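Notes for the one structure printed next.
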Ligand SMILES: [Zn+2]
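Printed below as a string of structure tokens:
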């Protein structure tokens with residue numbers, strides 16, 4: 062297939078934004094970008110902006126649509142342990158139904174890839190291919206025994222480790238052994254989420270949590286630190302030195318009033334790869350990763366009290382960072398990369414003569430209805446045609462979830 066005469070192509074590669082070019086897609090990949098390309102079915106795109114599909118780097122499936130049974134303030138004062146408790150007890154039927162809803166919701170919001178953690182990660186791939194969203198999933202790990210169990214099952218994709226929970230319950234020797242057992246492609250570590258979790262580590266081990274990970278040799282290229290709002294300058298240096306990455310969930314920092322913030326400019330200016338996640342609906346605001354990018358701009362500026370993040374930086378967190386965070390060739394429009402694209406209908410509000418230009422207009426003003434179609438692995442999904450059906454399907458599942466929760470013991 063050839064996307065013909067695309068009005069704009071925001072490549073997120075060194076080629077920047079191109080105008081009036083064709084994109085040839087062969088199989089699941091981008092084969093060629095240029096003018097007057099030939100071969101295959103042609104799709105006119107002279108009224109479209111093409112942009113890489115977004116990555117949501119951090120979602121907890123089991124607690125997106127759940128009845129917490131406690132008030133919001135009780136939940137927040139006990140976080141992250143309150144979240145862990147709910148996830149440990151997650152029921153399979155509720156979790157999988159929740160996952161179906163969040164996959165459909167993500168697609169409507171231009172999210173072509175998700176890093177998703179759930180107790181029932183083995184059942185997710187089938188749901189993901191049904192929803193046509195790319196998913197990297199893995200189990201949530203709270204203890205050494207769970208890791209041993211997961212390790213013996215040969216999990217290759219990813220783990221989501223709750224470091225604060227492990228710190229409470231383990232010795233340094235056990236922790237070291239714990240991480241040596243991990244053979245997955247990526248290890249996402251919840252660490253330094255709140256002041257309380259940092260102080261717990263300092264009290265028990267006389268070290269800050271990320272400092273401790275470094276000393277144990279546990280910061281590696283496949284380590285992705287998650288949340289990490291309480292981080293020292295020497296820990297940032299350790300993250301850089303070990304080529305580890307960071308995932309940032311700005312809504313969560315504010316909603317849970319963590320009082321800290323991951324200093325994104327200090328990380329990215331040192332070359333650290335940073336992604337953006339929405340987390341769960343109990344801890345975050347929505348599953349809308351472009352909305353989260355807008356929140357990121359505001360949160361970083363307010364936290365630093367300065368102009369430390371711009372829309373183009375926020376867009377990088379959900380596109381060009383994707384390759385390092387997932388190990389997949391995604392997040393850029395480039396020859397050889399997977400054809401995961403958004404076809405956005407050009408509307409006058411995006412005009413580069415308005416505001417601060419095309420990319421700021423997209424980051425600040427994109428709405429779901431502007432996404433005309435989505436391509437995932439070369440397969441085109443015309444959202445303009447299916448949007449209402451997907452919304453109906455989400456509503457039906459949410460009604461079913463509510464019924465199940467009402468009848469829960
Ligand atoms: Zn999380």
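Residue numbers (the numbering used here): 62 to 470.
Beta carbons: idealized from backbone N, C-alpha and C, even for Gly.
All of these numbers come straight from a predicted model, not from anything done at the bench.
Check                                                                                                                                                             : Outcome
Note down, in chain order, each residue of its chain lying with its Cβ closer than 8 Å to the Cβ of residue 391, except the 5 sequence neighbours on either side. : 113, 114, 116, 173, 174, 195, 383, 384, 398, 399, 401
Just confirm the distance between the C-beta atoms of residue 251 and residue 223, as a whole number of angstroms; I'd bet it's less than 8 Å.                    : 5 Å
Return helix, strand or coil for residue 440, following the three-state DSSP convention.                                                                          : strand
Which residues does DSSP pair with residue 103 in a beta bridge?                                                                                                  : 63
Could you tell me the distance, in whole angstroms, from the CA atom of residue 96 to the CA atom of residue 452?                                                 : 37 Å
Thinking residue 440 and residue 76 are a contact (beta carbons under 8 Å), I'd like their distance in whole angstroms, please.                                   : Residue 440 to residue 76, Cβ: 24 Å. No contact.
Going by Cα to Cα distance, which pick from 316, 329, 438 is closest to residue 300?                                                                              : 329
Can you give the beta carbon distance from residue 131 to residue 69, rounded, assuming they're within the 8 Å contact cut?                                       : Between residue 69 and residue 131 the Cβ distance is about 47 Å, and since that is not below 8 Å, they are no contact.
Please confirm whether residue 343 and residue 129 have their CB atoms less than 8 Å apart.                                                                       : yes
Taking only heavy atoms of ligand 1 into account, decide whether any of them is closer than 7 Å to the Cβ of residue 319.                                         : no
So for residue 411, helix, strand or coil by DSSP?                                                                                                                : helix
Does ligand 1 have even one heavy atom less than 7 Å from the beta-carbon of residue 340?                                                                         : yes
Please classify residue 29 as buried or exposed, where buried requires at least 16 other C-beta atoms within 10 Å of its C-beta.                                  : Lying outside 62 to 470, the shown extent of the chain, residue 29 is not represented and no answer is given.
Give me the DSSP bridge partner(s) of residue 117.                                                                                                                : 175
Smallest Cα separation from residue 362: which of 386, 380, 351, 325?                                                                                             : 325
Given this structure, state the Cα-to-Cα distance separating residue 381 from residue 72, to the nearest angstrom.                                                : 9 Å
Would you check if the stretch 148 to 162 and the stretch 177 to 184 touch, i.e. whether three or more CB-CB distances between them fall below 8 Å?               : yes
Would DSSP call residue 364 helix, strand or coil?                                                                                                                : helix
Going by the CB atoms, is the gap between residue 341 and residue 291 shorter than 8 Å?                                                                           : no
Secondary structure at residue 148, three-state DSSP: helix, strand or coil?                                                                                      : helix
Distance, Cα to Cα, residue 102 vs residue 366?                                                                                                                   : 51 Å
I'd like to check one pair, residue 167 with residue 348: are the Cβ atoms closer than 8 Å?                                                                       : yes
Quick check: what's the CA-CA separation for residue 434 versus residue 108?                                                                                      : 12 Å
Taking a contact to mean a Cβ-Cβ separation below 8 Å, would you say residue 312 touches residue 285 in this structure?                                           : no
So, under 8 Å CB-CB, residue 145 and residue 257 are touching, yes? Tell me the CB distance rounded to an integer number of Å.                                    : Going by Cβ atoms, the distance from residue 145 to residue 257 rounds to 14 Å, so no, they are not a contact pair.
Quick check for students: name the residue ranges of the alpha helix (DSSP H) that lie wholly in the stretch 268 to 318, counting only runs of 4 or more.         : 270 to 276, 294 to 302, 311 to 316
Is residue 417 near ligand 1, judged by its Cβ being under 7 Å from some heavy atom?                                                                              : no
Residue 260: buried (16+ other C-beta within 10 angstroms of its C-beta) or exposed?                                                                              : exposed
What does the Cβ neighbour count give for residue 275, buried or exposed, with the cut at 16 atoms within 10 Å?                                                   : buried
Considering only residues of the same chain and omitting the five flanking positions on each side of residue 427, which have a CB-CB separation below 6 Å?        : 351
Tell me whether residue 433 sits in a helix, a strand or coil according to DSSP, three-state version.                                                             : strand
In this structure, how does DSSP classify residue 219 when only helix, strand and coil are distinguished?                                                         : strand
Using 8 Å for Cβ pairs, my map puts residue 82 next to residue 94. What's the rounded Cβ distance?                                                                : 6 Å
Tell me whether residue 345 is buried or exposed, calling it buried when 16 or more other Cβ atoms sit within 10 Å of its Cβ.                                     : buried
Answer yes or no: do residue 52 and residue 297 have a C-beta to C-beta separation smaller than 8 Å?                                                              : With the chain represented from 62 up to 470, any question about residue 52 goes unanswered, as that position is not in the structure.
Any idea if residue 149 is buried or exposed, counting beta-carbon neighbours within 10 angstroms, 16 or more meaning buried?                                     : exposed
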